[in-house]
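Report on the structure given below.
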Amino acid sequence: MDSSPIFERSGIGAASILGNFGIKQVVDLPGVGKEYDDRAFLITLYIVDTNTVTTEAISSKHPELWGRKFKQLSGQCDTDGSGLMGGGKKLPSYIHHQMLTASQRRGWVIKCVLVKMNIGRNSADKPDKPSFWLGTFGGFPGAQSGLPPLKFTAIGCFLVYPASHRRIHITSDDINTHPAGEE
Numbered sequence: 001m002d003s004s005p006i007f008e009r010s011g012i013g014a015a016s017i018l019g020n021f022g023i024k025q026v027v028d029l030p031g032v033g034k035e036y037d038d039r040a041f042l043i044t045l046y047i048v049d050t051n052t053v054t055t056e057a058i059s060s061k062h063p064e065l066w067g068r069k070f071k072q073l074s075g076q077c078d079t080d081g082s083g084l085m086g087g088g089k090k091l092p093s094y095i096h097h098q099m100l101t102a103s104q105r106r107g108w109v110i111k112c113v114l115v116k117m118n119i120g121r122n123s124a125d126k127p128d129k130p131s132f133w134l135g136t137f138g139g140f141p142g143a144q145s146g147l148p149p150l151k152f153t154a155i156g157c158f159l160v161y162p163a164s165h166r167r168i169h170i171t172s173d174d175i176n177t178h179p180a181g182e183e
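Taking the UniProt record's numbering, the leading residue of the sequence shown gets 1, the next gets one more, and so forth.
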């Protein structure tokens, strides 16, 4: 779920929108949803053998284990304590860009997790700027309270230049109802 609908269903936003769905305004913040530009970040988890050294204890709510686990990881993993084991960036090349027609270059879009990334506009003249980032983690870098007591590794992907610049607002107070967006 994107941030604008979460705010609006929580009573943060314009009274004119919240009132349509019987949501009591808690904070008058009329700009919510006006310039939607969320960045998509996707984490895919993989279960690994229980003997694999991972960062679960470090990212857990057990600070008494952190010092011991940092020492254990420093000898067995190439990590700075964040759990990030490696990463890469996709840089669209000049050759890729030239293969497209002028019209395609203006609107070359890749859809990923309902977000569009306009590579031609944002990175054709910036060969050092990545279109997306991909990294591997030696553990699960998020909250683990709802997960089974297993060990994980993860791959994360982040879109750097989404082209989903639009307005987005709730259409109902029901969290299962999709919001409406306008370009």
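In this text, a Cβ means the ideal position worked out from N, Cα and C, and glycines have one as well.
Just so you know, these numbers come straight off a predicted model, no measurement behind them.
Contact belief for residue i with residue j at Cβ below 8 Å, rounded distance in angstroms
| i | j | result |
| --- | --- | --- |
| ILE47 | PHE152 | 6 Å |
| GLU35 | ILE170 | Going by Cβ atoms, the distance from GLU35 to ILE170 rounds to 16 Å, so no, they are not a contact pair. |
| LEU134 | ALA40 | Not quite, the Cβ-Cβ distance comes to about 13 Å (not below 8 Å), so this is no contact. |
| LEU45 | GLY156 | 10 Å between Cβ atoms; not a contact. |
| ALA15 | ASP28 | 7 Å |
| GLY22 | ASP173 | 6 Å |
Proximity winner among the options, relative to residue i (alpha-carbon distances)
| i | options | result |
| --- | --- | --- |
| THR50 | ALA14, ALA154, SER172 and PRO149 | PRO149 |
Simplified DSSP assignment, three categories, for residue i
| i | result |
| --- | --- |
| GLY13 | strand |
| LEU29 | coil |
| LEU150 | coil |
| GLY19 | helix |
| PHE7 | helix |
| THR136 | strand |
| HIS178 | coil |
| ILE168 | strand |
6 Å Cβ shell around residue i - same chain, five flanking residues per side excluded
| i | result |
| --- | --- |
| ILE17 | HIS169 |
| residue 187 | It is not possible to answer for residue 187, since the shown part of the chain is limited to 1 through 183. |
| LYS24 | GLY11 |
| SER145 | none |
Neighbourhood of residue i by C-beta distance below 7 Å, restricted to the same chain and skipping five residues each side
| i | result |
| --- | --- |
| GLY33 | SER4, GLU8, GLY13, ARG167, ILE168 and HIS169 |
| residue 203 | There is simply no residue 203 to check, as the chain begins at 1 and stops at 183 in what is shown. |
Own chain, CB closer than 8 Å to residue i, minus 5 neighbours either side, in chain order
| i | result |
| --- | --- |
| HIS178 | THR171 |
| VAL26 | SER10, GLY11 and ILE12 |
| THR52 | LYS151 and THR153 |
| GLY19 | GLN25 |
Per DSSP, the bridge partner or partners of residue i
| i | result |
| --- | --- |
| THR44 | ILE155 |
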